[in-house]
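Structural data, given as structure tokens:
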């Protein structure tokens, strides 16, 4: 469900838009309503919102002002303006500010429905693409951690939140393909970057699985490829799948390839356990692979961590916009399409601190800013940074700074 905020300084129209329209059927939930543009801007600065439906004419701050604020601050919120005026200059200005629709009163129910059904579909696609962009690197991390024995939990919820199109109860296997003349091919016949060849191999592996299940090229080491394969009827399709891959290698690159089933198991957890005991993978240098994998996950390697940093950036933006609310690890994990268990470990791995530590430090930093302004009481500041209990806020603040809020204001800020 996409979030929608409605603003109109005419109470009757505002309540009509909120209560008389079946927003849920269009994929939207009204999260807030406002009669004042300033209050709307303040809300949008602190709450991630998918769409805003606002009257263009409001007291003090207009709907165009709201659109301009979102445009200048690059906030990813779609704006639909309603106006009683069919004026070209209004419409022109709205388009310049990225407004997606300019509706002229009286707005019919059909026009409103068409606008938001279309917008809902666009937002669905946008969110799906955002998740898909993050998937490949996360999938590589998932399978490598599974093989290295570093996964603490393995369940369908984790699989679902990572957008992996598999079920843990389905049979699964690791296949090893060996490419004859691999180095000679790269040095003599491949005239592009080596990474592009790896991408081509991944595409062949993925494309071949379309009709049999799901496959993924976990990693490559020298002339060997390790491929994960999962399908409901795995025993019946595994040979056809492998033959198809080898045929593609020959047709496209004139490379002869052989394969063997290294490990096959009744389900994914069994496969994960067998990875720790089977000798079938001994010809892979896992020590080297683990080092490579960890290096590729390091935040100092800009090319390898682009998607990782995108996920962390998205998580931080969500936290920064909602720290004053009662947000949890689950809320942030849902926002970046990961399971809470996986996101908790992922966040610590990428940032060096736990989620709760990051949130607490952010809240205390914001509290210090409010204390420096000297205009609010301690209990008001506590609520502004997400603590309903003044006593608890004071205890948390002291655990981070070594001072109570009042002492910090007096001794550190004022220098007394």
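In my numbering, the protein residues as written are 47 to 462.
Note that the Cβ used here is the ideal one computed from N, Cα and C, for glycine as well.
Around the beta carbon of residue 421, fewer than 16 other beta carbons lie within 10 angstroms, which makes this residue exposed.
In the DSSP secondary-structure assignment, residue 49 is bridged to 75. Looking at the backbone, the Cα of residue 267 and that of residue 360 are separated by about 32 Å.
By the Cβ neighbour-count rule, residue 190 is buried, with 16 or more other Cβ atoms within 10 Å of its own.
Under a 10 Å Cβ-count criterion, residue 245 is classified as exposed, with fewer than 16 other Cβ atoms of the shown protein chains found around its own Cβ. Taking one beta carbon from each stretch, the segment 399-410 and the segment 124-141 have fewer than 3 pairs nearer than 8 Å; the two do not touch.
Taking the Cα positions, residue 53 is about 13 Å away from residue 106.
In this structure, the beta-carbon distance from residue 144 to residue 115 does not fall below 8 Å. Under the DSSP assignment, residue 100 falls in the beta strand (DSSP E) whose first and last residues are 97-101. Per DSSP, reduced to three states, the secondary structure at residue 86 is helical. Beta-bridge partners assigned by DSSP to residue 272: 222 and 265. A contact is defined here as three or more CB-CB pairs under 8 Å, and the segment 215-226 meets this definition with respect to the segment 277-291.
Residue 460 carries a coil assignment under DSSP once its states are collapsed to helix, strand and coil. In the DSSP assignment, residue 304 falls within the beta strand (DSSP E) that extends over 303-311. Judged by their CB atoms, residue 155 and residue 321 are not nearer to each other than the 8 Å cut-off. Membership of residue 148 in the beta strand (DSSP E) is indicated by the continuous run 147-150.
Distance from the Cα of residue 292 is smallest, within the candidate group 168, 253, 414 and 139, for 253. The count of Cβ pairs closer than 8 Å, one atom from the segment 442-462 and one from the segment 363-383, stays below three, leaving the stretches out of contact.
The C-beta distance from residue 140 to residue 131 rounds to 11 Å, too long to fall under 8 Å, and the pair is not in contact.
Residue pairing by DSSP places residue 126 opposite 99 and 147 in a beta bridge. In this chain, the alpha helix (DSSP H) harbouring residue 402 covers 401-419.
Burial check for residue 451: the Cβ neighbour count within 10 Å reaches 16 or more, so the residue is buried.
Cβ-Cβ distances below 7 Å link residue 439 to 428 and 433 in the same chain, with the five nearest sequence neighbours on each side left out; the list follows chain order. Distance check between residue 370 and each of 83, 93, 391 and 302 places 93 closest, using alpha-carbon atoms only. When the alpha-carbon of residue 84 is set against those of 323, 270, 77 and 109, the nearest one is in 109.
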